[in-house]
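*Asks:* What follows is a structure written as structure tokens; I'll ask about it next.
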């Protein structure tokens, strides 16, 4: 299987997703990343469907199914804005998935993506420290000084724990925190065979600090979950079916917590992890009203572009992306995308990467990071560039579901070299072979 290096095109799109710049073309709002995806997505889709990037896998069908149902729901509930809304989101979601799926098809490019991603996060640390102290988005202000372009708007939230919430160039602090969360386990676990343990954890610590400066409980929960899974993987290394046992224990633990608590277990956990009790209470209401709406419109959903059916005094933002999918686009949309995540994690773990320790560590790091993403987006609504980044990260790991040919010429030991025969002889080649056979006899 081909293992090409990371494409400069991928690097360009990735940087445009992180350092977000917007502009207008004839009153049409556009970002640099969206303009690039507008050009690249049709090209990548044609190449992908023609088999240029390998065969179409089950994960691909699940993602395409999700996008299809997303479009059908929008057509049914919001016919007037179908073309603009569905088209824009196809660039954001399908474009991101194809970027990861097409440009990262092996361990070499995946490893280079980790170096790129982790380095960019650390480069934002000085900006984040300055912003959390001064409440000034310094990079965004510099971008705004350039005529014709602009950066994200400062949401100017009040301090939490004495810190201003950091955005850097993202439209919301929680999006910056989620951006940092995505690559944590990939750096700490995925680069195990390349850099020392101390350096990996130092790097991971800097990433976690960037995440902390967003002062958002969701991304921090994702980081903590990844640390817990990394520790569990270390403790149970060599054990038989450790992840099945972890799943069983988690289910039993959740049920026991639900029985022991006077509130639903989800709310009991959210209340303890949230930075404010108000946030936890809002998530409780979101879950209650969201599930009620799902019961009313389970197939095609409530529809996009409408105010989410929440209490009038709430903002109308549903800070749970999984729940949002089921409410707005129907249970099938949620099931297809959630199923794509679960299937890919499960299938990549059974693809036989144990024969190649480095690929196995890349797969484990990606799987742990993906679980962290799944938990984090249960606490936030995602849109625009961060949604694209999440789909890029997901598509980047799909190659792992395919068993790779890990056979390679064995490394010759000194003992094997000694048994191989004479390296030098004064006899001609044919005579030497006869002499060797005679000596062996």
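Residue numbers (this note's numbering): 1161 to 1601. Just so you know, even glycine gets a beta-carbon here, dropped at the ideal spot from N, CA and C.
1) In terms of residue numbering, what span does the alpha helix (DSSP H) encompassing residue 1183 cover?
2) What separation, rounded to the nearest whole angstrom, lies between the Cα atoms of residue 1445 and residue 1301?
3) With DSSP collapsed to three states, give me the class of residue 1292.
4) Using a Cβ-Cβ cut-off of 6 Å (strictly less than) and excluding sequence neighbours within five positions of residue 1579, which residues of its own chain qualify?
5) At the level of alpha carbons, what is the spacing between residue 1225 and residue 1219?
6) Assign residue 1346 to one of three DSSP states: helix, strand, or coil.
7) Which one or two residues does DSSP pair with residue 1191 in a beta bridge?
8) Buried or exposed, going by whether 16 or more other CB atoms sit within 10 Å of the CB of residue 1311?
9) Within 10 angstroms of the Cβ of residue 1514, are there 16 or more other Cβ atoms? Answer buried if so, exposed if not.
10) By DSSP's criteria, residue 1212 is part of a beta bridge. Which residues make up the other side?
11) Evaluate residue 1291 with the Cβ neighbour count: other Cβ atoms within 10 Å of its Cβ, from every protein chain shown; 16 or more gives buried, anything less gives exposed.
12) With a threshold of 6 Å on Cβ separation, who are the neighbours of residue 1527 within its own chain once the five nearest residues in sequence on each side are excluded?
13) I believe residue 1349 touches residue 1390 by the beta-carbon criterion, under 8 Å. Please report the beta-carbon distance rounded to the nearest angstrom.
14) Any chance the stretch 1476-1487 sits against the stretch 1537-1547, with 3 or more Cβ pairs inside 8 Å?
15) If you measure between the beta carbons of residue 1340 and residue 1370, is that distance less than 7 Å?
16) Would the C-beta of residue 1493 count as close to the ligand MN, meaning under 6 Å from any of its heavy atoms?
17) Let me make sure I understand the geometry here. Which of 1520, 1537, 1545, 1551 has the alpha-carbon closest to that of residue 1266?
18) Hey, how far is the Cα of residue 1205 from the Cα of residue 1556?
19) Would you check if the distance between the CB atom of residue 1183 and the CB atom of residue 1329 is smaller than 7 Å?
20) Answer yes or no: do residue 1496 and residue 1222 have a C-beta to C-beta separation smaller than 7 Å?
21) Using only CA atoms, which one of 1296, 1316, 1314, 1283 lies nearest to residue 1367?
22) Given this structure, state the Cα-to-Cα distance separating residue 1450 from residue 1525, to the nearest angstrom.
23) Where do the ends of the alpha helix (DSSP H) carrying residue 1163 lie?
24) For residue 1230, I'd like the list of residues in its chain whose CB is within less than 6 Å of its CB, leaving aside the five on either flank, ordered along the chain.
25) Using a Cβ-Cβ cut-off of 6 Å (strictly less than) and excluding sequence neighbours within five positions of residue 1246, which residues of its own chain qualify?
26) Can you grab the Cα-Cα spacing for the pair residue 1308 / residue 1186, in whole Å?
27) Relative to the C-alpha of residue 1469, which candidate in 1402, 1453, 1295 has its C-alpha closest?
28) Determine the extent of the alpha helix (DSSP H) in which residue 1521 is found, giving its start and end residues.
29) Is residue 1130 buried or exposed, if buried means 16 or more other CB atoms sit within 10 Å of its CB?
30) Under 6 Å Cβ to Cβ from residue 1523, same chain only, skipping five residues before and after it: list those, please.
31) Pull up the CB-CB distance for residue 1269 and residue 1188, whole angstroms please, since I reckon it's below 8 Å.
32) Where are the alpha helix (DSSP H) runs, 4 residues long or more, that stay fully inside the stretch 1283-1334, in chain order?
33) Just to confirm the assignment, what range does the alpha helix (DSSP H) spanning residue 1394 have?
34) Which class does residue 1207 belong to by DSSP, given the choice of helix, strand or coil?
35) Should residue 1239 go down as buried or exposed, given a rule of 16 or more other Cβ atoms within 10 Å for buried?
36) Once you ignore the five residues that flank residue 1471 on each side, which residues in its own chain have a CB closer than 7 Å to its CB?
*Replies:* With the structure as the only source:
1) Note, residue 1183: premise wrong, no alpha helix (DSSP H); beta strand (DSSP E) at 1182-1185.
2) Here the alpha carbon of residue 1445 sits roughly 37 Å from the alpha carbon of residue 1301.
3) Judged by DSSP in its simplified three-state form, residue 1292 adopts helix.
4) Low per-residue confidence applies at residue 1579: pLDDT is 44, beneath 50, and the placement is therefore not dependable, though the value from the model is reported in the following sentence. Excluding residues within five positions, none has a Cβ falling inside 6 Å.
5) Distance between residue 1225 and residue 1219, taken at the CA atoms: about 10 Å.
6) When DSSP states are grouped into helix, strand and coil, residue 1346 belongs to the helix group.
7) The partner list for residue 1191 (beta bridge, DSSP) reads 1182.
8) The residue is buried, with at least 16 neighbouring Cβ atoms inside 10 Å.
9) The residue in question, residue 1514, is exposed, as its Cβ has fewer than 16 Cβ neighbours within 10 Å.
10) Paired residue(s): none; residue 1212 is not in a bridge.
11) Burial check for residue 1291: the Cβ neighbour count within 10 Å reaches 16 or more, so the residue is buried.
12) By the criterion of a C-beta distance shorter than 6 Å, residue 1527 is surrounded in its chain by 1505, once the five residues flanking it on both sides are discounted.
13) That belief holds up - the Cβ atoms of residue 1349 and residue 1390 are roughly 6 Å apart, short of 8 Å.
14) Taking 8 Å as the limit for Cβ pairs, the verdict is that the stretch 1537-1547 does touch the stretch 1476-1487.
15) Cβ distance < 7 Å, so residue 1340 and residue 1370 count as in contact.
16) Looking for the ligand MN in the displayed structure turns up nothing, as the structure carries no ligands at all.
17) Taking only the C-alpha atoms, the option nearest residue 1266 is 1520.
18) Between residue 1205 and residue 1556, the C-alpha separation is close to 15 Å.
19) For residue 1183 and residue 1329, no; Cβs fall outside 7 Å.
20) Yes, the pair counts as a contact, with Cβ atoms nearer than the cut-off.
21) The shortest CA-to-CA distance from residue 1367 to any of 1296, 1316, 1314, 1283 is the one to 1283.
22) The alpha-carbon separation between residue 1450 and residue 1525 amounts to approximately 32 Å.
23) The continuous stretches of alpha helix (DSSP H) do not include residue 1163, and DSSP gives it neither H nor E.
24) Result list for residue 1230: 1489, 1493, in chain order.
25) Closer than 6 Å at the Cβ level, and outside the excluded window around residue 1246, lie 1231, 1234.
26) The alpha-carbon of residue 1308 is positioned some 12 Å away from that of residue 1186.
27) Measuring from the Cα of residue 1469, the nearest candidate turns out to be 1453.
28) From DSSP, the alpha helix (DSSP H) with residue 1521 extends over 1517-1536.
29) With the chain covering only 1161 through 1601, there is no way to say anything about residue 1130.
30) Setting aside the 5 residues that flank it on each side, residue 1523 is surrounded in the same chain by 1508, 1513, 1560, each with a C-beta closer than 6 Å to its C-beta; the list follows chain order.
31) By a beta-carbon distance limit of 8 Å, residue 1269 does not contact residue 1188. Their separation comes to about 33 Å.
32) Counting whole runs of 4 or more residues, the stretch 1283-1334 contains the alpha helix (DSSP H) stretches 1285-1294, 1298-1304.
33) For residue 1394, the enclosing alpha helix (DSSP H) begins and ends at 1377-1395.
34) Helix at residue 1207.
35) By the 10 Å Cβ count, residue 1239 comes out exposed.
36) The answer, listed in chain order, is 1445.
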